[in-house]
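Numbering (my numbering), first residue to last: 27 to 389. In this text, a Cβ means the ideal position worked out from N, Cα and C, and glycines have one as well. Read the structure below first, then the notes.
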């Protein structure tokens, strides 16, 4: 297959990418006390030096006490924390790269260190779970919406090229989407996905107000949750449209559609994957992601399973057909900062296996 589709420039609003490769956000936990280090900045710079089109950072916590559940995950608020991110931006730009922070709130997802009062739509962490905290009040929700807006404004001020919201994988925004964790009966809940999308839509409105009309806003979404790999927010194309269209109307520019395996069809009767359906229904640009360039999916990697390099011909065919616009690459880039250059130059014999040890290092 020709690589032309992968290395064709992409432009949207103020975002001008040299190719279609996006470094997917991956939690690294190498920022003691929530402050990104010089090593973190160098880690991102290496990807910029090696032709990654757009870097999306690891998830970084907004200004709510419980936005993170790991003390070594970076924060996106506070003087020291933002100064550290400014250094990351400057390093990436100095290498000719582009970068967006992923703004994150873990909600009731449990981790090694819950840092403050837990925020949750309904006080539960999984479908059918027992309540372990109080549901968020209207004041809690308003403060959280404001925290995302403030973080997005700070991202633009610091020189980031776009911003991404983490609305996937069973974290706070996704907990509002998911019927299993949002059993509210007020305006923040409801029986339909369109109703449960209101929290995310209000965050997007706050973000858009903070960054203006021309600044690119990405939102990452998934059907599956870390709490339940089979969960689905939308079981039909009609439900998917009811989920996504309010987000587009509220200010989402690009949908980052997370699957465990990008090649799997989203609905019966069509080969389109999640990103393909999102683009078809909304007309918005989409990013596909999920085991790109590797033989095994990433959940297994946490259990110690390695992966070998895999062909991207099927991906290139879909990209050439215009099913989606951009390609998120995760573990392949985590293991090897030169992955894009090697693909472009046909150095496939130099592509590296993914090993679990890479999760514990900043290559």
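In chain order, what residues of the same chain have a beta carbon less than 6 angstroms from the beta carbon of residue i, not counting five sequence neighbours either side?
i, result
"residue 171", "228, 229 and 232"
"residue 23", "Since the first residue of the chain shown is 27 and the last is 389, residue 23 is not available in this structure."
"residue 279", "242 and 243"
"residue 70", "81, 114 and 118"
"residue 316", "285, 286, 287 and 288"
"residue 177", "88, 102 and 129"
"residue 225", "202 and 214"
"residue 194", "200, 246, 247, 248 and 284"
"residue 360", "52 and 384"
"residue 345", "31"
Tell me the rounded alpha-carbon separation between residue i and residue j.
i, j, result
"residue 350", "residue 221", "27 angstroms"
"residue 352", "residue 223", "24 angstroms"
"residue 366", "residue 47", "8 angstroms"
"residue 446", "residue 55", "Here the chain has residues from 27 to 389 only, and residue 446 is not among them."
"residue 97", "residue 293", "39 angstroms"
"residue 74", "residue 185", "15 angstroms"
"residue 245", "residue 111", "20 angstroms"
"residue 63", "residue 387", "14 angstroms"
"residue 247", "residue 283", "5 angstroms"
"residue 289", "residue 168", "38 angstroms"
"residue 338", "residue 217", "39 angstroms"
"residue 158", "residue 125", "37 angstroms"
"residue 212", "residue 161", "12 angstroms"
"residue 363", "residue 30", "21 angstroms"
"residue 148", "residue 50", "29 angstroms"
"residue 370", "residue 77", "9 angstroms"
"residue 139", "residue 331", "26 angstroms"
"residue 419", "residue 276", "Since the displayed the chain opens at 27 and closes at 389, residue 419 lies outside it and no answer follows."
In this structure, does DSSP put residue i in helix, strand or coil?
i, result
"residue 206", "coil"
"residue 58", "helix"
"residue 282", "strand"
"residue 127", "strand"
"residue 272", "helix"
"residue 99", "coil"
"residue 334", "coil"
"residue 39", "coil"
"residue 190", "strand"
"residue 380", "strand"
"residue 349", "coil"
"residue 356", "coil"
"residue 267", "helix"
"residue 314", "strand"
"residue 88", "coil"
"residue 182", "helix"
"residue 150", "coil"
"residue 83", "strand"
"residue 240", "coil"
Below 7 angstroms CB to CB, which residues in the same chain sit around residue i once its five sequence neighbours on both sides are set aside?
i, result
"residue 181", "127 and 189"
"residue 297", "291"
"residue 307", "263, 266, 267 and 270"
"residue 219", "203, 259, 260, 265, 268 and 269"
Shortest alpha-carbon distance to residue i belongs to which of the options?
i, options, result
"residue 86", "96, 74, 159 and 100", "100"
"residue 274", "294, 64 and 242", "242"
"residue 141", "91, 43, 133 and 120", "91"
"residue 355", "125, 343, 313 and 202", "313"
"residue 41", "385, 240 and 301", "240"
"residue 84", "120, 132, 122 and 38", "132"
"residue 122", "43, 326 and 301", "43"
"residue 156", "236, 146 and 163", "146"
Residues in its own chain within less than 8 angstroms of residue i by CB, not counting five upstream and five downstream?
i, result
"residue 335", "319, 320, 321, 358, 374, 377, 378 and 379"
"residue 136", "95 and 151"
"residue 342", "27, 28, 29, 31 and 32"
So, do the region 143-161 and the region 97-110 have three or more beta carbon pairs nearer to each other than 8 angstroms? Touching, no.
Report yes or no: do the region 201-211 and the region 243-262 share at least 3 C-beta pairs separated by less than 8 angstroms? yes
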